[in-house]
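Worksheet: one structure, shown below.
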Amino acid sequence: MLGLRLTQRVSLATAAGRRAQSSMIPPKVANIAELGQLTSRHPQAHPETFAKMKYFYRHIPKGNAAPSTAKSTYWSRYQAKYIETNSLAPLAHLFLFFVPFGYTVNYFIAGHHHPHYEFH
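Everything in the sequence shown is counted per the working numbering, starting at 174 for the first residue and increasing by one.
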């Protein structure tokens, strides 16, 4: 009985699979003469719409775009050179800035420069 149920399930799944696959098969468009016979319920598939779209996209200006404005500030040049190119250089620059900066802050806050106090 278990084998029979399994067989029935497979046959139902196969029939359902065939039905699902049959709706996925596109119409035969190998012949140019058959292309004009294809019809669709959707207005997007009509040739007039595609002709308008083709006309629109053919007349969009291409090439010779206006040159971009020159980057004048330091930050905009730095961003264009390092940040927009996904470079790791900004991390190195932060490291090279914060290590001496941190040392300088620590030196003056800790009192190492004071002439009257002994170094601890």
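Don't be surprised by glycine CBs; every beta carbon is placed ideally from N, CA and C.
Local conformation of residue 264 per DSSP, three classes: helix
C-beta atoms of residue 276 and residue 266 nearer than 9 Å: no
Residue range of the unbroken alpha helix (DSSP H) whose run includes residue 247: 247–251
Straight-line gap, residue 260 to residue 251 (C-alpha atoms, nearest Å): 11 Å
Simplified DSSP state of residue 239, which is helix, strand or coil: coil
Beta-carbon proximity of residue 238 to residue 244, cut-off 9 Å: no
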